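Trainee:
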Amino acid sequence: SGSAAAEGGSVIGGLLGSGKIPSQDDIKREDYPSKSQYKKALKDRKKLLTKLYRKGEEKKRKAERREEKLKEVAKARENMSPEDIKEAIKRRRDAVTERRQAKKARIDRMREACSSDVPTLLVDCDFGDLMTATEKKSLVHQLTYTYACNLRSEKPCKLFLSGLGGSMGEALRKTNGFQQWMVTKEDRSYIEALGERKQDLVYLTADSENMIETLTSDKIYIIGGIVDRNRHKNLCRNKAEEQGIQTARLPISEHIQLSHSCVLTVNQVAEIILKFRDLGDWDKALREVIPTRKIVSAENKAKRERRDKFKHKKNNKGKDEAAEDPQKQQENGDGESQGPDQDKNTRGGEAEM
49 SGSAAAEGGS
59 VIGGLLGSGK
69 IPSQDDIKRE
79 DYPSKSQYKK
89 ALKDRKKLLT
99 KLYRKGEEKK
109 RKAERREEKL
119 KEVAKARENM
129 SPEDIKEAIK
139 RRRDAVTERR
149 QAKKARIDRM
159 REACSSDVPT
169 LLVDCDFGDL
179 MTATEKKSLV
189 HQLTYTYACN
199 LRSEKPCKLF
209 LSGLGGSMGE
219 ALRKTNGFQQ
229 WMVTKEDRSY
239 IEALGERKQD
249 LVYLTADSEN
259 MIETLTSDKI
269 YIIGGIVDRN
279 RHKNLCRNKA
289 EEQGIQTARL
299 PISEHIQLSH
309 SCVLTVNQVA
319 EIILKFRDLG
329 DWDKALREVI
339 PTRKIVSAEN
349 KAKRERRDKF
359 KHKKNNKGKD
369 EAAEDPQKQQ
379 ENGDGESQGP
389 DQDKNTRGGE
399 AEM
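Numbering (our numbering) for the sequence shown: 49 to 401.
1. Going by the beta-carbon positions, is the gap between Thr313 and Gln190 smaller than 8 Å?
2. Whose C-beta lies closer than 7 Å to the C-beta of Ser407 among residues of the same chain, with five residues either side of it excluded?
3. Pull up the distance between the alpha-carbon of Glu183 and that of Arg277, whole angstroms please.
4. In its own chain, which residues sit with a C-beta less than 7 Å from the C-beta of Val311, not counting the 5 before and 5 after it?
5. How far does the beta strand (DSSP E) with Ile270 in it extend, from its first residue to its last?
6. Can you check which of these residues, Asn286, Asn282 and Tyr269, is closest to Lys238 by C-alpha distance?
7. How is Val231 classed by DSSP in three states: helix, strand or coil?
8. Would you give the residue range spanned by the alpha helix (DSSP H) that Tyr86 belongs to?
9. Across the segment 313-326 and the segment 186-201, are there enough close Cβ pairs to call them in contact, namely three or more that are closer than 8 Å?
10. Evaluate Ile133 with the Cβ neighbour count: other Cβ atoms within 10 Å of its Cβ, from every protein chain shown; 16 or more gives buried, anything less gives exposed.
11. Name the DSSP beta bridge partners of Thr168, please?
12. When the Cα atoms are used, what is the spatial distance from Leu207 to Asn282?
13. Are the CB atoms of Leu199 and Ile271 within a distance shorter than 8 Å?
14. Leaving out five residues on either side along the sequence, give the residues of the same chain with a beta carbon under 7 Å from the beta carbon of Cys162.
15. Would you mind giving the Cβ-Cβ distance between Val250 and Lys233, rounded to the nearest angstrom? I have them listed as a contact below 8 Å.
16. What number of angstroms, rounded off, separates the C-alpha of Glu319 from the C-alpha of Arg154?
17. I'd like the span of the alpha helix (DSSP H) that includes Gln291, first residue to last.
18. My guess is that Asp174 and Ser215 are in contact by the Cβ rule of under 8 Å, so how many angstroms apart are they, rounded?
19. On the CB-based measure, 16 or more other CB atoms within 10 Å of its CB, does Lys287 come out buried or exposed?
20. Is Leu306 helix, strand or coil when you go by DSSP?
21. When we look at the beta-carbon of Met128 and count the other beta-carbons within 10 Å, is it buried (16 or more) or exposed?
22. Can you tell me whether DSSP reads Thr194 as helix, strand or coil?
23. Rounded to whole angstroms, what's the CA-CA distance from Asp331 to Phe324? Just pull it up for me.
24. Measuring CB to CB, does Gly273 end up less than 8 Å from Asp172?
25. Helix, strand or coil for Ile239? Go by DSSP, reduced to three states.
26. Could you pull the start and end residues of the alpha helix (DSSP H) that Leu263 belongs to?
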């Protein structure tokens, strides 16, 4: 609507006036080495303006929904007796108290895990130079999910983030609430910070030949913090081998069959480990975390086996018939013993037809 556009425009105008976004007049052609870069700057400014406008619109819609909800509550109270109102208020207060108690219990479990003898999950954030801005943003989201999953777990692990001295550290520090995360934050690489415990480091990679059967509290399990769309082959394995660190993989192929590769996101690997600690069963943990679209079901597996069996039978049908009929085999042998002239004439006759 016109009023909504005017309000959105006023929000953008205020941001432009505060200097957060350069005005179009400030973006000059002579400040950019090429015309394409100049056009890109104009395009980025337009994208940001659109994003801010949508954000203002969403804020307005939330305010309208909040007003509508308050009106619905007020209307409902008109038809309620004083006792019903008191009961509704009590239920609401009890729900708030329950949520607060659940949050306190999660925080207490995390604090206990940080000071007790439990396995450590370390995310290697030292690959910032190998990722684009979009991939770094994706990794920040994965780390946020990882922390939230560990916070909800009944048996949380110690979380350790290394390599925060680079670009990934800058991206994480811009995340709301990151300063309050109950994790160990290290600007240096893990090999520098934990060199004295090198024998306890285990780098998790799908390329390893060693399979994890159980988790031990004295080990530090390293997850490669990289989103590269599988561009860098064997990156984590090669890094671990160069540093003389143990490598291992999750027992995925031993329990389920994936329709694609065994490469998982950071939060999926962490969640599988946390689920295994809760359930004590790799099969259940894997099936609860890995999306069903990536798992080959028993029905699809049976269909694939029947299809492969049919193809094999069809390809070997002629050979089996020849083996069962010696006379036919002899005829085929006689046919094959024709002279070159006869065979040439036959093929020539077919061509003339």
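The C-beta atom is built at its ideal place from N, Cα and C for all residues, glycine as well. In this text, all values refer to a predicted model and were calculated from it rather than measured experimentally.
Mentor: Walking through what the data contain:
1. Against the sequence shown, residue 313 aligns to sequence position 265. Against the sequence shown, residue 190 aligns to sequence position 142. Yes, the Cβ-Cβ distance between Thr313 and Gln190 is below 8 Å.
2. Residue 407 cannot be examined here, being either before or after the span of the chain that is shown, 49 to 401.
3. Counted from its first residue, the sequence shown places residue 183 at position 135. Counted from its first residue, the sequence shown places residue 277 at position 229. Answer to the nearest angstrom: the Cα atoms are 9 Å apart.
4. Within the sequence shown, numbered from 1, the residue matching residue 311 stands at position 263. Contacts found: Ala254 and Asn278.
5. By one-based count along the sequence shown, residue 270 stands at place 222. Ile268 to Gly272 is the span of the beta strand (DSSP E), which, as asked, contains Ile270.
6. Locating residue 238 in the sequence shown gives position 190, where the first residue counts as 1. Looking at the sequence shown, residue 238 is not Lys but Tyr. That would be Tyr269, whose Cα lies nearest to the Cα of Tyr238.
7. Sequence index remark: in the sequence shown, residue 231 carries index 183 (1-based). Coil, per DSSP.
8. On the sequence shown, residue 86 is found 38 positions in, with the first residue counted as 1. Counting along the chain, the alpha helix (DSSP H) containing Tyr86 begins and ends at Lys83 to Glu126.
9. Under the 8 Å Cβ criterion, the segment 313-326 counts as touching the segment 186-201, having at least three qualifying pairs.
10. Within the sequence shown, numbered from 1, the residue matching residue 133 stands at position 85. The residue in question, Ile133, is exposed, as its Cβ has fewer than 16 Cβ neighbours within 10 Å.
11. By one-based count along the sequence shown, residue 168 stands at place 120. For Thr168, which the question treats as bridged, DSSP gives the partners Lys206 and Ile268.
12. Along the sequence shown, read from residue 1 onward, the residue named residue 207 stands at position 159. Along the sequence shown, read from residue 1 onward, the residue named residue 282 stands at position 234. Leu207 and Asn282 have their C-alpha atoms roughly 24 Å apart.
13. In the sequence shown, residue 271 corresponds to position 223, counting from 1. In the sequence shown, residue 199 corresponds to position 151, counting from 1. At a Cβ-Cβ threshold of 8 Å, Ile271 and Leu199 do not count as neighbours.
14. Residue 162 sits at position 114 when you count from the first residue of the sequence shown. The residues Lys206 and Met230, in chain order, have a CB closer than 7 Å to that of Cys162 in the same chain once the five nearest residues on each side in sequence are set aside.
15. Along the sequence shown, read from residue 1 onward, the residue named residue 250 stands at position 202. Along the sequence shown, read from residue 1 onward, the residue named residue 233 stands at position 185. That pair is no contact at about 21 Å.
16. Within the sequence shown, the letter at position 271 stands for residue 319. Within the sequence shown, the letter at position 106 stands for residue 154. Their backbone Cα atoms lie some 16 Å apart in a straight line.
17. Mapped onto the sequence shown, residue 291 falls at position 243. For Gln291, the enclosing alpha helix (DSSP H) covers residues Leu283 to Gln291.
18. Translated into positions along the sequence shown, residue 174 becomes position 126. Translated into positions along the sequence shown, residue 215 becomes position 167. Contact flag wrong, Cβ pair sits at about 10 Å.
19. Within the sequence shown, residue 287 is the residue found at index 239, counting from 1. So Lys287 ends up on the buried side.
20. For the purposes of this step, residue 306 is taken as the residue at position 258 of the sequence shown. Looking at Leu306 - three-state DSSP - the assignment turns out to be strand.
21. The count along the sequence shown starts at 1 and reaches residue 128 at position 80. By the 16-neighbour rule on beta-carbons within 10 angstroms, Met128 is exposed.
22. Indexing the sequence shown from 1 puts residue 194 at position 146. Three-state result, Thr194: helix.
23. For the purposes of this step, residue 331 is taken as residue 283 along the sequence shown, with counting starting at 1. For the purposes of this step, residue 324 is taken as residue 276 along the sequence shown, with counting starting at 1. Taking the straight line from one Cα to the other gives about 9 Å.
24. Residue 273 sits at position 225 when you count from the first residue of the sequence shown. Residue 172 sits at position 124 when you count from the first residue of the sequence shown. Yes. Within cutoff.
25. For the purposes of this step, residue 239 is taken as residue 191 along the sequence shown, with counting starting at 1. In the three-state scheme derived from DSSP, where H, G and I count as helix and E and B as strand, Ile239 is classed as helix.
26. Locating residue 263 in the sequence shown gives position 215, where the first residue counts as 1. From DSSP, Leu263 is part of no alpha helix (DSSP H); its letter is neither H nor E.
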